[in-house]
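All residue numbers for the sequence shown refer to our numbering, where the first residue is 2 and numbers rise by one.
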Amino acid sequence: MIESFQPAHADYLRDESRRAGRAERIAFPRTAADVLDALAEARAHRMPVTAQGARTGVTGGAVPEGGLVLNLSHMDQILAAGNAEMRVQPGATLAAIRAAVPPGFYFAPDPTEPSASIGGMISCNSSGALSFLHGPTRNHILGLRVATLAGEILDLRRGRDRTDGLRFALGSLSGELPPLRRPAVKNAAGYFIDPDMDLVDLFVGSEGTLGVVVEATLRLLPAPGAVWGLMAFLPSTAAVVGFVDALRANQRSEVGIPPTTYHQPPTAPRLAALEYFDSNCLVFLREHADELASKGISVPALPDGSACVYAEWHAPDAAAAEAALLAAAERLPEFGADPDACILADNFHDLEKLKLFRHSAPEMVNSAIDERRKIHPGLVKLGTDMSVPDARLADVLALYETDLAATDLEHLIFGHIGANHLHVNILPRHPADYAAGRALYARWAAQIIAWGGSISAEHGIGKLKRDLFRQMAGDPALAQMRELKLQFDPDWLLNPGTLLESAQANENVWTG
Ligand SMILES: Cc1cc2nc3c(=O)[nH]c(=O)nc-3n(C[C@H](O)[C@H](O)[C@H](O)COP(=O)(O)OP(=O)(O)OC[C@H]3O[C@@H](n4cnc5c(N)ncnc54)[C@H](O)[C@@H]3O)c2cc1C
2 MIESFQPAHA DYLRDESRRA GRAERIAFPR TAADVLDALA EARAHRMPVT AQGARTGVTG
62 GAVPEGGLVL NLSHMDQILA AGNAEMRVQP GATLAAIRAA VPPGFYFAPD PTEPSASIGG
122 MISCNSSGAL SFLHGPTRNH ILGLRVATLA GEILDLRRGR DRTDGLRFAL GSLSGELPPL
182 RRPAVKNAAG YFIDPDMDLV DLFVGSEGTL GVVVEATLRL LPAPGAVWGL MAFLPSTAAV
242 VGFVDALRAN QRSEVGIPPT TYHQPPTAPR LAALEYFDSN CLVFLREHAD ELASKGISVP
302 ALPDGSACVY AEWHAPDAAA AEAALLAAAE RLPEFGADPD ACILADNFHD LEKLKLFRHS
362 APEMVNSAID ERRKIHPGLV KLGTDMSVPD ARLADVLALY ETDLAATDLE HLIFGHIGAN
422 HLHVNILPRH PADYAAGRAL YARWAAQIIA WGGSISAEHG IGKLKRDLFR QMAGDPALAQ
482 MRELKLQFDP DWLLNPGTLL ESAQANENVW TG
């Protein structure tokens, strides 16, 4: 099953970070037994293994640094789809999962890229717009089957398989988890550890460093009776923050496991998404309107000089959704905005149109950078993924805007403002821009860590954010994480270089 790596496999050296790695072997397993065989082979030869899903990750997590590429895209079966649960292989894409969900239900995690695999989403604990209401992927994973380097398949079910305090027993492995802390914000950086925790949660967000996900059981939620969305245009950043605070005043996003009531259909309107696009982002998308049109994406009429907040409500019926939306729109004049200038979506077709438009921002940035790489091959996008506590939303926007205004860097800001999680995208035109952007990035990270935020709210650490993660977690916590990984991976073979730097003494000895 394991093949030697050929030039025809070159694509498997890359992910959406646009970084390229190296590999000597590749395997496309179809079953959990195939994965165990590949891991046994890796262990026998002390060969590093890099798990890959759909390679849409943006932090280089799936980029191999030598050894075996274990590409799970051929394990893409939907195994069972019931009313409240779905069982899938790890290579099933988000698009395929959505298409297989039974009528009347939905799968809430919604990262912008529907070609992502569920294995990758689980490993990065991905999020999307609806994470404002429903939390990240973690909250929607009921069970996992995980292949380990010990040669076992761990069969884990939420609510059944838990730690005793911090003690765990997993197949032939047992031990104690380190008492790690994490910031009280939306966070996808590092291992998730709590006393008396579900063991499923140890693997969600672990970026493939502890084991390989070979099957997942997903939680499906009953679909709301009505979904309505509103794009509102506001004249200033202060107005944006005021409007966002007003909308979310009675409903905070859930960064942990949502209350069980969220597993029932709404009996009253719930704010489900709160997204942001700065004025640069709107101008950028308008400038690319023709290109977007050729992809079937229409750009709505966008007022000049405004920033945009998109809000979405899930409600028991259309009347309740309309009431929530009108109540929000009525508050706009307080913030200097015109309710009549809003764009409203009250049906599936219009909601999809707005969603496609919103989702086009990261894609158009990537294709703009690809064009520039033709002149400067080393150029890559700089995209932040940091989150802060509620009270720091205005501060973080001011930090970004003030620093960027002092440069001539091309930039735009969009993202999940309801969770104080914004993506600043810097589009370098030449290497000097890239260096200037990186310096800003480092400065922002230091400030955001000091504010109690996270340097990665949804993309994970991968290979590109280890330095920032070190600043955030600190050396003692990193040492504890390394010890934890060594319990599962004594030869440091699984996804080496992702999340944690190799532990010197245990570096693998593979020579290809
Ligand atoms: C245009 C665009 C928009 C995006 N928008 C979002 C967004 O809104 N929200 C968001 O969270 N992310 C977003 N992303 C990032 C990316 O889509 C997610 O991180 C996604 O979850 C990665 O899934 P994947 O299958 O492509 O994983 P890969 O890139 O293949 O791998 C990601 C990580 O998971 C590990 N892994 C993969 N499969 C397994 C497995 N079965 N077992 C163990 N480890 C595994 C890999 O080793 C790697 O460390 C976006 C990316 C793009 C290109």
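Note that CB positions come from ideal geometry on N, CA and C, so glycine has one too.
Secondary structure at V215: strand, using DSSP grouped into helix, strand and coil. In the DSSP assignment, A320 falls within the alpha helix (DSSP H) that extends over A319 to E331.
Inclusion of Y277 and I418 in the CB contact set at 9 Å is warranted, their separation being smaller than that value. Measuring C-alpha to C-alpha distances from C282 to each of L345, T164 and C309 identifies C309 as the nearest.
Taken through DSSP and simplified to helix, strand or coil, Y311 comes out as strand. Counting along the chain, M2 sits inside no beta strand (DSSP E), nor does DSSP assign it H or E at all.
Rounded to whole angstroms, the separation of the alpha carbons of L219 and N421 is 27 Å. Straight through space, the alpha carbons of P65 and S18 are spaced by roughly 13 Å.
By the criterion of a C-beta distance shorter than 6 Å, E411 is surrounded in its chain by L428, once the five residues flanking it on both sides are discounted.
Here DSSP, grouped into helix, strand and coil, assigns M387 to strand. For P225 against T268, the beta-carbon gap comes to about 10 Å, at or over 8 Å, which does not count as contact. Proximity of the stretch 210-219 to the stretch 483-492 meets the contact definition, three or more beta-carbon pairs being nearer than 8 Å. N84 and V102 have their C-alpha atoms roughly 8 Å apart.
Taking all protein chains in view, the Cβ of F29 is crowded by 16 or more other Cβ atoms within 10 Å, so the residue is classified as buried.
D156 places its beta carbon 9 Å or farther from that of R168. For the 9 Å CB-CB criterion, A190 and N140 do not form a contact. T138 sits buried, since 16 or more C-beta atoms from the chains shown fall within 10 Å of its C-beta. Contact check for L248 and A329: beta-carbon distance about 6 Å, within the 8 Å limit, so the pair qualifies. Judged by DSSP in its simplified three-state form, E66 adopts strand. Taking a 10 Å sphere around the C-beta of L171, we find 16 or more other C-beta atoms and assign the residue as buried. Around the CB of P91, 16 or more other CB atoms lie within 10 Å, so the residue is classed as buried. If you look at G230, you'll find it in the beta strand (DSSP E) that goes A227 to L235. When beta bridges are read from the DSSP output, F106 appears opposite P223. Taken through DSSP and simplified to helix, strand or coil, N426 comes out as strand.
In the DSSP assignment, Y435 falls within the unbroken alpha helix (DSSP H) covering P432 to A451.
The beta carbon of I298 sits closer than 7 Å to the beta carbons of L357, F358 and S361 from its chain, once the five residues preceding and following it are set aside; these are given in chain order. Annotation: G461 to G67 spans about 21 Å, alpha carbon to alpha carbon. Counting only runs of 3+ residues, the beta strand (DSSP E) found wholly inside the stretch 246-306 occupies 271-278, in chain order. Using a Cβ-Cβ distance cut-off of 8 Å, the stretch 325-345 and the stretch 283-290 are not in contact, since fewer than three pairs of beta carbons, one from each stretch, lie closer than that value.
Around the C-beta of G453, fewer than 16 other C-beta atoms lie within 10 Å, and the residue is accordingly described as exposed.
Here R444 has D404 as same chain residues with Cβ atoms under 8 Å from its own Cβ, once five neighbours each way along the sequence are excluded. In the DSSP assignment, E86 falls within the unbroken beta strand (DSSP E) covering E86 to V89.
Counting every other CB atom within 10 Å of its CB across the protein chains shown gives L272 a total of 16 or more, marking it as buried.
Cα atoms of G144 and N348: separation of roughly 33 Å, rounded to the nearest angstrom. Of all alpha-carbon atoms in A33, D165 and E177, the one lying nearest the alpha-carbon of L485 is that of E177. Rounded to whole angstroms, A11 and S173 show a C-alpha spacing of 37 Å.
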